[in-house]
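Numbering (my numbering), first residue to last: 1026 to 1230.
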């Protein structure tokens, strides 16, 4: 009975019941065994001057879970660019974290959700340094810059906004333009000979 119980304990979970970390460990284990077998066999099948190299392998489980294992040194620059592109796509498409995690379970070659989260935090930290966020209490009038022009002079509208918003945060439009304009000029989107820029400002609520 003890031996039978021990045998049952070693039964592996079906792949549909495994998390991403378990799937990664299994794929890495398979990759290491195949690489060791490859190196052993090539020594017997190729001349010493030949340099065979295992670059990648691909296999699937139940014809719906595909695993790609690469043995080449990863290009860190390309990896970062890929992460940045995915973060941008998730942000612009309003794709939540749980949805991306489910997508990773189907497409194993996508970066893990943890990597995307770290890159998102990194981008946010860089943007805070480039374009600082200022916390403002609208109920405190002393925080309003008197040197800036007032766009709304209707007191009732102003009070309604104050009552609705209270505290909030904002980024100075000048800081945003200092960051955006040079890049847009470099890309040829803006003409430096035309000093007037027409802006359309909207919000997400």
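Glycine included, C-beta positions come from ideal geometry on N, C-alpha and C.
Reduced DSSP category for residue 1084 - H, G, I as helix; E, B as strand; rest coil: strand
Distance between residue 1074 and residue 1145 (C-alpha atoms, nearest Å): 46 Å
Spatial distance of residue 1130 from residue 1136 (CA atoms): 11 Å
Residue span of the alpha helix (DSSP H) that contains residue 1131, given as start and end: 1122 to 1131
DSSP beta-bridge partners of residue 1091: 1085 and 1132
N- and C-terminal bounds of the alpha helix (DSSP H) containing residue 1139: 1138 to 1155
Alpha helix (DSSP H) segment containing residue 1071, residue limits: Where residue 1071 is concerned, there is no enclosing alpha helix (DSSP H), given that its DSSP letter is neither H nor E.
Buried or exposed (CB count within 10 angstroms, at least 16 for buried), residue 1210: exposed
Residue 1151 versus residue 1119 - alpha carbon distance: 21 Å
Among 1056, 1085, 1064 and 1157, the one whose alpha carbon lies nearest that of residue 1040: 1085
Three-pair Cβ contact test at 8 Å for the region 1063 to 1083 versus the region 1109 to 1128: no
For residue 1054 and residue 1064, the rounded distance between their alpha carbons: 16 Å
Distance, residue 1100 Cα to residue 1219 Cα: 40 Å
Residue 1059 vs residue 1036 beta-carbon contact at 8 Å: no
Residue 1077 - containing alpha helix (DSSP H), residue span: Where residue 1077 is concerned, there is no enclosing alpha helix (DSSP H), given that its DSSP letter is neither H nor E.
Residue 1096 burial status per 10 Å Cβ neighbour count (16 or more: buried): exposed
Inter-residue Cα distance where the pair is residue 1098 and residue 1134: 16 Å
From 1051, 1089, 1149 and 1079, residue whose alpha carbon lies closest to that of residue 1128: 1089
Nearest-angstrom Cβ-Cβ length linking residue 1067 and residue 1077, presumed shorter than 8 Å: 4 Å
DSSP-derived helix/strand/coil call for residue 1217: coil
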